[in-house]
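Report on the structure given below.
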Amino acid sequence: MLDTLFPCTRHFFDRNGHKLQYVNEGEGEPVVMVHGNPSWSFYYRNVVAALSATHQCIVPDHIGCGLSDKPDDSGYDYTLKNRIDDLEALLDHLDVKQNITLIVHDWGGMIGMGFAARHPERIKKLVILNTGAFHLPQSKPFPWALSICRNTLLGTALVRGFNAFSSIASYVGVKRQPMPAEVRKAYVAPFNSWANRISTLRFVQDIPLKPGDRNYQLVSDIADSLAQFKNVPMMICWGLQDFVFDKHFLDEWKLRFPQAQVHEFADCGHYILEDASEEVVGHIKQFMTQ
Numbered sequence: 001m002l003d004t005l006f007p008c009t010r011h012f013f014d015r016n017g018h019k020l021q022y023v024n025e026g027e028g029e030p031v032v033m034v035h036g037n038p039s040w041s042f043y044y045r046n047v048v049a050a051l052s053a054t055h056q057c058i059v060p061d062h063i064g065c066g067l068s069d070k071p072d073d074s075g076y077d078y079t080l081k082n083r084i085d086d087l088e089a090l091l092d093h094l095d096v097k098q099n100i101t102l103i104v105h106d107w108g109g110m111i112g113m114g115f116a117a118r119h120p121e122r123i124k125k126l127v128i129l130n131t132g133a134f135h136l137p138q139s140k141p142f143p144w145a146l147s148i149c150r151n152t153l154l155g156t157a158l159v160r161g162f163n164a165f166s167s168i169a170s171y172v173g174v175k176r177q178p179m180p181a182e183v184r185k186a187y188v189a190p191f192n193s194w195a196n197r198i199s200t201l202r203f204v205q206d207i208p209l210k211p212g213d214r215n216y217q218l219v220s221d222i223a224d225s226l227a228q229f230k231n232v233p234m235m236i237c238w239g240l241q242d243f244v245f246d247k248h249f250l251d252e253w254k255l256r257f258p259q260a261q262v263h264e265f266a267d268c269g270h271y272i273l274e275d276a277s278e279e280v281v282g283h284i285k286q287f288m289t290q
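So this is what it looks like as structure tokens:
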């Protein structure tokens, strides 16, 4: 089923003894697509299909996600800095060091822009999809569902015992129409046991909300770095019915990047590449030619 929905060659990069799976399709200027939680490289399958004829499409699965290894806490520290380190190591391994178009979604925004902050000279264009690269906007309350997952034993039981985060996201993350059953199965398939759901929970627990939280300063630094990209071409495609990355986050992006091309979808949710795949992929293809 997966080979039908997402036909591509799987590559594996040895990252500190763990296999990091990535897609590397096509030739040309590189397009690096960074997924979030609880998705994986599968999220970008339609973008890869559309761009690989003209670009080198690189899509990693973060450690603990997709087809990458899923070590326990003794084998891997599930934290933002390591995610950025992993992306940097992979792109260095592939010798991808210039003219990068970065496409980011969900946690991929923080990870991708964390990489960009280290190597601004490598970034040519930015595509922003329902994500953040800064702290929770002051006008935005922290969602209660995330608070339960982040802070309670009940949340741990729900996420790791019942795959609640990934499963629920596959339903509430789309708004125009339900995901086809085979697509939903592909999203949740990698997270098929307590052990294999570790990253889903650790991502939520790694959200820094106040000074002193691990990664709070790193997120502050990434946010402060964004100003250096004000002259980099940017396109934003946004599902306005996302209950986490909602209009508060979009307004922050627009405030920081008033020159960005913005496409808002009033009837779409978090998984904008599922809800509005044809439109968003069309916008991306046009953006790449400009």
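The opening residue of the sequence shown carries number 1 in full-length UniProt numbering; numbering runs sequentially from there. Don't be surprised by glycine CBs; every beta carbon is placed ideally from N, CA and C.
The three-state secondary structure of Trp-144, taken from DSSP, is helix. For Gln-177, same chain residues with a beta-carbon under 7 Å away, outside a window of 5 residues either side, do not exist. For Val-104, the enclosing beta strand (DSSP E) stretches over residues 100 to 106.
Note that the C-beta distance between Lys-19 and Asp-69 is below 8 Å. Leu-102 and Val-159 do not touch by the CB rule: their CB atoms are close to 28 Å apart, not below 8 Å.
Distance from Asn-82 to Phe-245 at the Cβ level is roughly 22 Å; contact not present, criterion being Cβ atoms closer than 8 Å. For Ser-139, the closest C-alpha among the options Pro-7, Leu-250, Thr-9 and Glu-29 is that of Leu-250. Taking a C-beta distance under 8 Å as the contact criterion, Ala-53 and Gly-26 qualify as a contact pair. Inside the region 115 to 194, DSSP marks whole beta strand (DSSP E) runs of 3 or more residues at positions 123 to 131, from first to last along the chain. By the 16-neighbour rule on beta-carbons within 10 angstroms, Gln-21 is buried.
Rounded to whole angstroms, the Cβ separation of Trp-107 and Phe-203 is 6 Å, and the two are in contact under 8 Å. Secondary structure at Val-96: coil, using DSSP grouped into helix, strand and coil. Judged by DSSP in its simplified three-state form, Phe-42 adopts helix. Per the DSSP secondary-structure output, Phe-265 pairs in a beta bridge with Gly-239. Look at Tyr-22 here: in three-state DSSP terms it is strand.
For Phe-229, the number of other beta carbons within 10 angstroms of its own is at least 16, and it is reported as buried.
Relative to the Cα of Arg-15, the nearest Cα in the group Leu-87, Val-219, Ile-58 and His-55 belongs to Leu-87.
Between Ile-123 and Leu-80, the gap from beta carbon to beta carbon reaches 8 Å or more. Here Ile-58 really is in contact with Val-96; their C-beta atoms are around 7 Å apart, less than 8 Å.
Contact fails between the region 207 to 224 and the region 165 to 174, because fewer than three Cβ pairs, one in each stretch, are under 8 Å apart. Of the other Cβ atoms in all chains shown, 16 or more fall within 10 Å of the Cβ of His-270; this residue is therefore buried. Contact between Phe-191 and Arg-197 is confirmed by a C-beta separation of about 5 Å, below the 8 Å threshold. Closest by C-alpha distance to His-135, out of Glu-182, Ala-181 and Asp-221, is Asp-221. Non-local beta-carbon contacts of Leu-90 in its own chain, meaning distances under 7 Å to residues more than five positions away in sequence, involve Phe-13, Leu-20, Tyr-22 and Pro-60 in chain order. The closest CA to that of Val-174, considering only Ile-272, Ile-148 and Ser-41, is found on Ile-272. Inter-residue distance for Gly-114 and Asp-267 is about 30 Å (C-alpha atoms, whole angstroms).
Straight across, the Cα-Cα distance linking Pro-258 with Met-235 is about 11 Å. The C-alpha of Trp-40 is placed about 7 Å away from the C-alpha of Tyr-187.
Comparing alpha-carbon positions, the option among Gly-75, Ser-74 and His-11 lying closest to Leu-94 turns out to be His-11.
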